[in-house]
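Notes follow the structure.
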Amino acid sequence: MRLRTPSMQRRLTLWLGVIALLASSLAGALLFWTLKQEVQRQEITEARGKAELIEHLVGMQSHTPQALSDILDGIQAGHGHLGIWITSPDGTLRYGNATPEVLSVTDGGEVLLRNADDTRMRGVRLTLPGPPEAGATLTVAVNTLANARFLYAYGTALLLICALWIGATVVLAAWAVRRTLAPVRRLSGQAASIQPEHLDVRLPVVGIDRELSDLVASFNRTLDRLQEAYQQMEGFNADVAHELRTPLATLINGAQVTLSSPRSAEELREALASNLEELEDLKTLVNDMLFLARADRGEQAADLAPARLEQEALRVAEYFEATLEAQALHVAVQDSATCAANPGLVRRALANLLANAIRATPRGEGHGLGLAIVRAIARMHNGGVTAASGPAGTEIGFSLGARPAQDDKRVIRATD
1 MRLRTPSMQR RLTLWLGVIA LLASSLAGAL LFWTLKQEVQ RQEITEARGK AELIEHLVGM
61 QSHTPQALSD ILDGIQAGHG HLGIWITSPD GTLRYGNATP EVLSVTDGGE VLLRNADDTR
121 MRGVRLTLPG PPEAGATLTV AVNTLANARF LYAYGTALLL ICALWIGATV VLAAWAVRRT
181 LAPVRRLSGQ AASIQPEHLD VRLPVVGIDR ELSDLVASFN RTLDRLQEAY QQMEGFNADV
241 AHELRTPLAT LINGAQVTLS SPRSAEELRE ALASNLEELE DLKTLVNDML FLARADRGEQ
301 AADLAPARLE QEALRVAEYF EATLEAQALH VAVQDSATCA ANPGLVRRAL ANLLANAIRA
361 TPRGEGHGLG LAIVRAIARM HNGGVTAASG PAGTEIGFSL GARPAQDDKR VIRATD
């Protein structure tokens with residue numbers, strides 16, 4: 001089963017729709033409840049007004065039961081939704097039709113009744129002060145059927161309006177979200193158009209929304225690092241091709257010469273020895289290239305220890321003593337310094353510098369990675385290489401910087 005790709009546009013539209021649903025439901029429920037409370041209050045007010053009128057008329061003078069009945073008939077005339085009941089203290093119905101079922105009575109005398117036809121009536125109940133029967137209970141209630149129908153129609157209309165409002169909100173939200181995310185789509189298209197041969201192209205940072213500026217800046221910095229790595233890889237590939245070409249050509253030419261005519265066992269042995277020497281040089285070249293590749297990935301020197309640089313320089317000079325004597329050269333070590341460094345890497349850098357300085361072999365012998373290795377070792381120690389030309393000649397050296405706090409970078413270890 002293929003899972004659907006998450007969509008920010010769908011998610012935002014859904015959340016806006018949910019918010020619209022909750023807001024509309026809350027507002028609709030509040031409006032309906034407020035109207036319902038107002039309708040019930042008006043029903044109670046109407047019933048209480050009629051009850052107080054009857055109480056006032058009864059209290060003004062004594063009435064015979066027939067006279068009281070005539071008064072109540074007159075009050076009820078034209079008010080078909082109004083119900084009046086008078087019950088004597090012993091529970092005998094003195095006026096009105098069959099007594100409806102009492103559903104609830106409040107301390108304030110408000111009652112809720114149910115007729116035989118299952119319609120509800122809401123009103124008040126109080127005690128009459130005088131004849132024809134002192135202490136009789138008067139109940140006046142208003143039929144709620146008409147108001148219930150009104151509330152039902154109002155609630156239906158409110159639900160329809162809320163549904164239309166939610167639908168319109170979702171449509172408008174989808175449109176607004178799509179327009180809001182248009183810059184993201186444009187940036188995505190621009191990022192997709194960047195090809196390997198155009199790694200110098202960057203996403204525009206002018207006119208970008210503030211929420212996207214950090215993302216664009218981070219993406220451009222990533223492209224900077226990618227371009228730098230790509231250029232380093234291209235340079236490394238070119239160096240590999242250039243440096244391997246000479247030893248491979250030497251091996252091929254030597255093999256062709258050896259195979260061009262019959263050779264004695266001694267001649268074959270000499271040819272193999274020559275090839276072995278070339279292969280040893282080729283092995284050294286490959287190891288140096290691998291070392292440079294690891295250094296280009298940002299690896300740092302490890303196993304740092306206090307290193308006395310003058311002692312390391314003297315050890316390297318002693319190693320090259322025979323070569324120096326053959327070239328009638330002299331090595332002078334001036335001053336002294338101690339720093340935290342990898343002694344093996346420091347000696348390797350010094351050896352490469354010294355080898356480049358004393359090399360007097362014809363052009364093409366050896367490989368030209370010595371100074372590149374010196375630069376890589378200096379960079380592993382947060383330093384750099386220096387070069388200066390003057391009347392006395394060209395001076396080339398390297399510096400070792402302070403080591404930063406240990407982080408998650410890979411490290412390189414070296415041994416003699």
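Numbered as in UniProt numbering, the sequence shown ends at 416 without a single skipped number.
Note that the Cβ used here is the ideal one computed from N, Cα and C, for glycine as well.
Three or more Cβ pairs closer than 8 angstroms define a contact, and the stretch 305-315 meets that threshold against the stretch 346-354. Only residues of its own chain outside the window of five on either side were considered, and among them Met289 have a CB closer than 8 angstroms to the CB of Val240, listed in chain order. In the displayed model, Ser213 falls within a helix according to three-state DSSP. Between Ala51 and Leu126, the C-beta spacing is below 7 angstroms. Classified as buried, Glu43 has 16 or more neighbouring CB atoms from the shown chains inside 10 Å of its CB. In the structure shown, the three-state DSSP call for Pro129 is coil. For Met380, the closest C-alpha among the options Leu400, Glu278, Ala174 and Gly78 is that of Leu400. One Cα belongs to Ser193, the other to Phe398, and the distance between them is close to 42 angstroms. The stretch 136-146 and the stretch 75-91 touch, with no fewer than 3 CB-CB distances between them shorter than 8 angstroms.
With at least 16 other beta carbons inside 10 angstroms of its own, Tyr95 counts as buried.
Approximately 19 angstroms separates the beta-carbon atoms of Asn342 and Leu371; this is outside 8 angstroms, ruling out the contact. Contact fails between the stretch 28-39 and the stretch 91-111, because fewer than three Cβ pairs, one in each stretch, are under 8 angstroms apart. For Ala313, the CB contacts under 7 angstroms within the same chain, skipping 5 residues up- and downstream, are Val333 and Leu350 in chain order. The C-alpha of Arg48 is placed about 14 angstroms away from the C-alpha of Asp107. Residue environment for Thr13: buried (at least 16 other C-beta atoms within 10 angstroms of its C-beta). Going by C-alpha positions, Ala317 is about 15 angstroms away from Ser336. Each of Ile75, Ser69, Leu103 and Gln76 was checked against the Cα of Leu93, and the nearest Cα belongs to Ser69. An exposed status is given to Ala238, since fewer than 16 other beta-carbon atoms sit within 10 Å of its beta-carbon. In this structure, Glu278 and Leu251 form a Cβ contact; the two beta carbons are roughly 5 angstroms apart against a cut-off of 8 angstroms. Taking the Cα positions, Leu212 is about 12 angstroms away from Asn220. In the DSSP assignment, Ile84 is bridged to Val140.
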